[in-house]
Amino acid sequence: MRKVLFYVPLVAFLALTLFLLSGLFSDPRERESASLNKALPDFALADLMQPKKIWTPEKLKGETYLLNVWGTWCPTCNAELGYLAELRKQGVKIVGLYYELPRDPTFDAPFNLAVLQQDVQQKLTQQGDPYQFNMLDIKRSLSLDLGVSGAPETFIIDANGIVRAHHIGDINPVVWRSKLAPLYQQWRTP
Amino acid sequence: MIVEAGQLALTFVFALSLLLAVVPLLGSFTANQRLLLLAKPLAFGQFAFALVAMAALVYAFCNNDFTVINVAQNSSSTLPWYYQVTASFGSHEGSMLLWVLMLAFWTALVAQFSKALPLLLQGRILGILGLISAGFVAFSLFMSNPFLRSLPFFPVEGRDLNPLLQDFGMIMHPPMLYMGYVGFAVAFAFAIAALMSGRFDSVWARWVRPWALAAWLFLTLGIMLGSWWAYNELGWGGWWFWDPVENASFMPWLVGTALIHSLAVTEKRGTFKSWTVLLALAAFALSLVGAFLVRSGVLVSVHSFATDPGRGLYLLVFLLLVVGGSLLLYGRRMNSVRSQARYQLFSREMLLWGNNIFLLTACLIVFLGTLFPLFHKELGLGSISIGEPFFNQMFYYLSIPFALLLGLGPWVRWKQQQVMPLMRPLSLVAIAALAIALGVLSSMQSVQANLALLGMLLGAWVGISALAEVVLRLRQFGSIGKGITKLNASHYGMTLAHIGFAVLVIGVAMTKTYTTERDVRMLEGDTATVAGYEFTLTDVYDLNGANYGGQAAELDVRQNGQFVTHLHAEKRFYRIQRTVMTESAVHARLSRDLYVSLAEELPGGAWALRIQVKPFVRWIWLGGLLMALGALLALADKRYRRKTTTTDATVAGVADA
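Those protein sequence lines, which keep their order, are chains A and B. Per our numbering, residue 131 is the first one in the first sequence, and the count goes up by one each step. Per our numbering, residue -15 is the first one in the second sequence, and the count goes up by one each step.
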């Protein structure tokens, strides 16, 4: 028994090497969104501006659209608002998923919808408003289910409510033309 | 021409390392004294040529020789000269050469300071170091040559050094870190040599201790500098990110810390032998695993060098040979080694055993947290990531019992300790700690049952206990005055390092609890108040640096109307790399940092700024510095330089073989 014990480190190390070896030949950066080519996870989120209105996946079906995760606190999101607004003028339907930051109960003011609405209104007036409407993901549950790792991120959702593409980072003319526009076209005409 | 000389020098390093790997080891098995004696000159030669190679590379960087691919990709003619020097080890290729140089340096140091060792052991240690060195030099020479030219087509200007690396902390961070990583190779070589001969006694432990301490010293400094760099350079005031590569440096540190404690037991009591040897192997093994993780692209991290599976594969095979081979040897040899020493449940041995258990648990947590995403993915379970909350929570739970034991440890005697005699001094220490923690907190903030209070209590407990223990020991010499010169340097070192840990704990707890952070929108002339400090934006103007442009903001800080300081924050745009960097303005005091970073320009000429007041954040690095100083003091201990047994042991060593 005692003899075997001294080989434990070797065995553990060899097991580790196996993992490292297989890790070597797979790309760590390839991070497929787990939700890709699946229906949107189930949700019921309030409209940011008309909180009485509740959005569910059912209500969103019927048309291909971009689901854009953003927040006024996120500089890159604010920067892309202008270009997204242009896309809206070109007829692209964009739905905003407002990502509310977690709050520290000690330091941050409690959540206040009126203040947030005002913030958002102001930002959208300043930078341009790309959104048909915004859903408020106050608990970040939908963002979490979708595998959002930061903002901005954009999903292409087809008419049947299936997630077809996931883009991390901002949308600018180059990204749109080279990556997202072809996908959008592809899934708009099924 | 100079570059070719560098290439040639590196080739010589390779040849010498091969000789160093073969000749003395051969000598050790054939009892050939002349072969064993060759180890030393070979080690010196290896170091000399490694130095020439590195110098040639630095020369190429400083002379903007863009025909060298490495220079073209990591430097530019507009880069200030001191960053041109550091750019020479900013890339994968250059840092590998630095690694080789450091290893050659350690090997030469061992050759120089091992006169007291038996010739046989000396030859084996140097031979093993040569073997490791040969692996790395071959890697540098064949897989990632820093001297490759791109002739005949070469760029007229380089791509510049990554702006993140253009910082003073970055000048010092990699060399220190590598000194630490590579330094554990020495302890590793000692362990292997001991496994080969089957001799692990107190003498062996005493030989290893200073080397392990020195490596640990550098690793501590390296990690501390890295944290300080991240704080200054990444622009949001964080100081530890649980990034895979940070973790890769933290794991050998944790094991190294366990090692220097376990070595104490082996030296003083001749026990914990198999444990100590395993730790010595593990510390270097984890350094190698770290090098693999950074350079293979298996994990995604801000630190990662460009991905190349060929290099990864080489390192993995190397890892397998070195670590696998040594663990195999460990398994074969170690089961015959027995420790005879006996000790009671309440003894210093047991407490140090506890120390090791906690440190290794910490290491295991970091290991699993870092590699779990990889395991998960390779088992086909999909991608996941493990973030700060996991590590923070785990370390929170671990550090409480660890700190409690740490306060107790130095008081307890070897073999056995009666409980009663310790009750009085320790309860006094506990009361003093309570009083100080509450006093400090109530004078600065309100006293609440939170992390800060816990950190203060633990920190005060460890710190005061360490101080009181020294006073007690000094008294045992008769009077404190007499004792001061009599107490071992290593005892002072231990105390200082323990105080460093206390300082670190306090710093972390206070910063985590009481950091105030606000993102504000400011026009020139606007004032924002954060944690009682009034920040007034006085000016924003365009910057024009050597290789960057951008904007700078000037702020005045007042507290209760009193002028505190002037702050200068920059948002740099590096022209060649086309990246934006935040140069935060930091006003540092022992009790708090004011930290301002310039975010982006808003419509209407306003600017977004992030203002933070971070109490005690300095203490985190101060703690690290104290630990390193403690190690330095311990290294100065006289007993590591005794030369009495030299001649007998040399003769005996050769006769053994």
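Each residue gets a CB set at the ideal place from its N, CA and C atoms; glycine is no exception.
What's the gap between the Cα of B:S411 and the Cα of A:L135?
41 Å
Between which two residues does the alpha helix (DSSP H) harbouring A:E230 extend?
No alpha helix (DSSP H) holds A:E230; DSSP gives it neither H nor E.
Indicate whether at least one CB of chain A lies closer than 9 Å to the CB of B:G296.
yes
Which partner residues does B:A651 have in the DSSP bridge list?
Since the first residue shown for chain B is -15 and the last is 641, residue 651 of chain B is missing from the structure and cannot be characterised.
For chain A, is any of its Cβ atoms less than 9 Å away from the one on B:N319?
yes
Rounded to whole angstroms, what's the CA-CA distance from B:N58 to B:E77? Just pull it up for me.
10 Å
Put A:E193 into one of helix, strand or coil per three-state DSSP.
coil
Where the segment 135 to 149 of chain A meets chain B: residues whose CB sits under 7 Å from a CB there
F136, Y137, P139, L140, F143, L144, T147, F149
Strictly below 8 Å CB to CB, what residues from chain B border A:P205?
A583, E584, A592
Pair within 9 Å by beta-carbon distance, B:I560 and B:S60:
yes
Cβ pair count under 8 Å reaching 3, the segment 604 to 624 of chain B against the segment 526 to 543 of chain B:
no
B:A417 and B:I448 closer than 9 Å at C-beta
yes
Residues near A:P158 in its chain [Cβ-Cβ closer than 7 Å; skip 5 each side]:
Confidence at A:P158 is low in this model, with a pLDDT of 49, below 50, so its placement is unreliable and the value that follows should be read with caution. Nothing meets the Cβ criterion.
CB contact below 9 Å: A:G153 versus chain B:
yes
Identify whether B:H76 lies in helix, strand or coil by the three-state DSSP scheme.
helix
Going along the chain, which residues of its own chain have a beta-carbon closer than 6 Å to the beta-carbon of B:D640, five neighbours each way excluded?
Because the pLDDT of B:D640 is 38, which lies under 50, any placement of that residue in the model is unreliable, and the number read from its coordinates should be weighed accordingly. Once the five neighbours on either side are set aside, B:D640 has no close Cβ partner at all.
Rounded to whole angstroms, what's the CA-CA distance from B:L145 to B:Y67? Just pull it up for me.
8 Å
Interface flag, B:F342 vs chain A, CB-CB below 9 Å
no
How about A:P282 and A:W203: do their beta carbons lie closer than 9 Å?
no
For a quick check, are the C-beta atoms of A:D275 and A:P171 less than 9 Å apart?
yes
Three or more C-beta pairs under 8 Å: does that hold for the segment 288 to 307 of chain A against the segment 74 to 89 of chain B?
no
Do we get a CB-CB distance below 9 Å when we pair A:R344 with the residues of chain B?
Missing from the structure shown is residue 344 of chain A; chain A here goes from 131 to 320 and no further.
With a threshold of 9 Å between beta carbons, is A:Q180 in contact with chain B?
no
Would you say the beta carbon of A:G277 comes nearer than 8 Å to a heavy atom of the ligand PLP?
This structure does not include the ligand PLP; it has no bound ligands of any sort.
Name the DSSP bridge partner or partners of B:K555?
B:Q535, B:T566
8 Å contact criterion, which A:Y229 and A:S271 should meet: CB distance rounded
11 Å between Cβ atoms; not a contact.
Any residues in the segment 244 to 276 of chain A with a beta carbon nearer than 7 Å to a beta carbon of chain B? Which ones, in chain order?
Q256
Ordered along the chain, which non-local residues of its own chain (more than five positions away) have a Cβ less than 7 Å from that of B:G29?
L0
Status (buried if at least 16 other CB within 10 Å, exposed otherwise) for B:G509:
exposed
Along chain B, which residues have their Cβ under 8 Å away from the Cβ of A:R318?
Chain B residues near A:R318: none, gap ~29 Å exceeds 8 Å.
In the structure shown, what three-state DSSP assignment does B:N16 receive?
coil
Minimum C-alpha distance to B:D185 - residue among B:V597, B:G484, B:A71, B:V249:
B:V249
Work out the CA separation of B:A88 and B:F50 for me, nearest whole Å.
28 Å
Here's a check: name, in chain order, each residue in its chain whose Cβ is nearer than 8 Å to the Cβ of B:T499, leaving out the five neighbours to either side.
G221, Q596, V597, K598, P599, V601
B:T263 burial status per 10 Å Cβ neighbour count (16 or more: buried):
Position check: residue 263 of chain B holds Leu in this sequence, whereas Thr was assumed. Buried is the call here.
Less than 9 Å between the C-beta atoms of B:V514 and B:A486, yes or no?
no
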